[in-house]
Amino acid sequence: MKMGMDGFQSAQFGIIVIAMVGFFLRHQLKNIHTILQGEIPSVYYTTTPSNEAILSDCPHLLGKEKYFPLWYAWNGHLQTLLLTIKERLPPTHYYRQWLDLEDGGQVSLDWAIPGPANPNASWKDVVDFTRPIMLVLPGLSGGSHDQYVRKLVNDMLQLNWQCVVQNARGCARTPIKTPEFFCMAKTEDVRKAIQTIELYFNLKNSSQKFVACGFSMGSNLLVKYLGEEEEKTPLHGAISIGNPYDLVRCTRHFRETWWYRYTYDRALTSNLKRLVFHKNEGGKILARNPRINLKALRNVQTLNDFDEQLTVIVYNYANVGAYHEAGSSVRVMDRVKIPLLCVSAKDDPICISEGIPYEMVKRNPNVILVTTNTGGHLAFFESTRDTLRNPRKPRTCWSTKVAREFAESVRNRC
Numbered sequence: 001m002k003m004g005m006d007g008f009q010s011a012q013f014g015i016i017v018i019a020m021v022g023f024f025l026r027h028q029l030k031n032i033h034t035i036l037q038g039e040i041p042s043v044y045y046t047t048t049p050s051n052e053a054i055l056s057d058c059p060h061l062l063g064k065e066k067y068f069p070l071w072y073a074w075n076g077h078l079q080t081l082l083l084t085i086k087e088r089l090p091p092t093h094y095y096r097q098w099l100d101l102e103d104g105g106q107v108s109l110d111w112a113i114p115g116p117a118n119p120n121a122s123w124k125d126v127v128d129f130t131r132p133i134m135l136v137l138p139g140l141s142g143g144s145h146d147q148y149v150r151k152l153v154n155d156m157l158q159l160n161w162q163c164v165v166q167n168a169r170g171c172a173r174t175p176i177k178t179p180e181f182f183c184m185a186k187t188e189d190v191r192k193a194i195q196t197i198e199l200y201f202n203l204k205n206s207s208q209k210f211v212a213c214g215f216s217m218g219s220n221l222l223v224k225y226l227g228e229e230e231e232k233t234p235l236h237g238a239i240s241i242g243n244p245y246d247l248v249r250c251t252r253h254f255r256e257t258w259w260y261r262y263t264y265d266r267a268l269t270s271n272l273k274r275l276v277f278h279k280n281e282g283g284k285i286l287a288r289n290p291r292i293n294l295k296a297l298r299n300v301q302t303l304n305d306f307d308e309q310l311t312v313i314v315y316n317y318a319n320v321g322a323y324h325e326a327g328s329s330v331r332v333m334d335r336v337k338i339p340l341l342c343v344s345a346k347d348d349p350i351c352i353s354e355g356i357p358y359e360m361v362k363r364n365p366n367v368i369l370v371t372t373n374t375g376g377h378l379a380f381f382e383s384t385r386d387t388l389r390n391p392r393k394p395r396t397c398w399s400t401k402v403a404r405e406f407a408e409s410v411r412n413r414c
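Structure, rendered in structure tokens:
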């Protein structure tokens, strides 16, 4: 019996659909199993009394409390997508401090308080100088308003920490005042913020603990700062979540994979252009530098091109590759001298798993590296009884629980 052309095409389409479904299931069954059974994270560290003591305070790292990824977000893309969807979180009350920099630029410090805001008060009136301090560094183009930042800040406030978020140049309504925009290789702004906080709290003559937590590019800057400062940092501990570690490898992955180039790369680049041209008067400021081609900068589609048209020129790097090499925190990670917790998801679509520095951990006993199979980029959303009963309730982040446990351990032990 002969099959008509329509029948042949239908059969062909059916085969393609079956193949696609099979391919999908093959790659997702492991993640679905993890969601149903829960996941015990992989922890890499050198066995030392300090590390053992810290880990004993972190049940979510030791597997005493499993990580159950959110049931309807079974891979890194879905987890990351959920991060962009707004939730109804409890309000976070901030008081802003402007921090002027030596080159004429400016960053802002948003000090968080647990109670209602007083419009007549300044940040100095509300900051509790007796509490332990947590400095939070958001990701690329992020700020104190971001949900992943607020989830951590709200949790730490409940534990009686004084939290402060550093907003980078141009981010979170922080103006661009010089052509020197955000730079992944320059730690001067972070260093200035840490020195300022150290001075305010008189930490040289105090027993208060000072911890920092960075997300994504904020964590890369934090780890790079720690490697540069070594013993000189006033921080007692640090947390790095979703760190790219190796910028050369991450940006190459974006360029060589069409899917990432047309999704994540373009989205991140659009965010940066929006900060420069729409949320700030960056165009007028950048016009002061005759080497910057504003028309070309407006038309860039990738992070690589953005850096080529702006960052490389402003900061005098030979090329984009040299800039990304200089900005990779993995280069100085072996010089970190304080307890450092690094948290990465192996399905992170932005800070790819190939950049996770397993070998570096073997060379530095101060670093504890934690990886999960699922979590996406900065998401780590989990299934709880509350989310199962009421999907509209705010999603909880496993990484926030881990950061909280680590910070409390540093507070009590270091």
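Counting with UniProt numbering, you get residues 1 to 414 for the letters of the sequence shown. For each residue, glycine too, the CB sits at the ideal point set by N, CA and C. Since we're looking at a predicted model, the values are computed, not measured.
- For T196, the enclosing alpha helix (DSSP H) has its first and last residue at 188-200.
- Taken atom to atom, the span from the alpha-carbon of E325 to that of L247 is near 7 Å.
- Secondary structure of Q309 (DSSP, three-state): helix.
- Sequence-distant Cβ neighbours of V410 in its own chain, meaning closer than 8 Å and more than five residues away, are I54, K209, V211, H236, G237, P339.
- Cβ neighbours of V126 within its own chain (closer than 6 Å, five residues either side excluded): Y95, I113.
- In the DSSP assignment, F210 falls within the unbroken beta strand (DSSP E) covering 210-215.
- Residue environment analysis places K64 among the exposed positions, since fewer than 16 neighbouring C-beta atoms fall within 10 angstroms of its C-beta.
- Assignment of H93 by DSSP, reduced to helix, strand and coil, places it in the strand class.
- Rounded to the nearest whole angstrom, the C-alpha separation of G282 and R385 is 46 Å.
- Below 8 Å, enough C-beta pairs join the stretch 393-412 and the stretch 336-351 to call them touching: three or more.
- Secondary structure at P69: strand, using DSSP grouped into helix, strand and coil.
- For C250, the three-state secondary structure derived from DSSP is helix.
- Using a Cβ distance threshold of 8 Å, V190 and L140 do not count as a contacting pair.
- Contact fails between the stretch 67-82 and the stretch 117-136, because fewer than three Cβ pairs, one in each stretch, are under 8 Å apart.
- Judged by DSSP in its simplified three-state form, M184 adopts coil rather than helix or strand.
- With contacts defined by Cβ atoms closer than 8 Å, G38 and A345 do not form a contacting pair.
- Taking 8 Å as the cut-off, the Cβ atoms of L61 and P41 count as close.
- Between D103 and the set Y315, Q195, N364, the nearest pair of CA atoms involves Y315.
- In summary, G227 is buried, with 16 or more beta-carbon neighbours lying within 10 Å of its beta-carbon over all protein chains present.
- Residue range 237-241 is occupied by the beta strand (DSSP E) that includes I239, with no alpha helix (DSSP H) assigned at that position.
- Secondary structure note for M134: its beta strand (DSSP E) is the uninterrupted segment 133-137.
- Pairwise C-beta distances place the stretch 252-268 in contact with the stretch 347-362, as three or more of them are shorter than 8 Å.
- Segment contact: the stretch 191-204 against the stretch 170-178, fewer than three CB-CB distances shorter than 8 Å; contact not assigned.
- Here E382 is buried. Its C-beta has 16 or more other C-beta atoms within 10 Å.
- The straight-line gap separating the alpha-carbon atoms of R131 and Y260 is approximately 43 Å.
- For C163, the closest alpha carbon among the candidates K204, E52, K273, G214 is that of G214.
- DSSP, read as helix, strand or coil, puts S207 in coil.
- Between K224 and V312, the C-beta gap is not smaller than 8 Å, which leaves the two residues out of contact.
- Where V370 is concerned, the enclosing beta strand (DSSP E) starts and stops at 367-372.
- Beyond the five residues adjoining it in sequence on each side, Y45 comes within less than 6 Å, by CB distance, of N51, I368 in the same chain, given in chain order.
- In this structure R150 is buried. Its beta-carbon is surrounded by 16 or more other beta-carbon atoms within 10 angstroms.
- Taken through DSSP and simplified to helix, strand or coil, I350 comes out as coil.
- The shortest CA-to-CA distance from E229 to any of L303, N243, T187, A322 is the one to T187.
- Buried is the label assigned to Y245, since at least 16 other Cβ atoms lie within 10 Å of its Cβ.
- Each residue's CA atom was taken as its position, placing F181 and F277 some 12 Å apart.
- When the Cα atoms are used, E87 and N319 turn out to be separated by approximately 40 Å.
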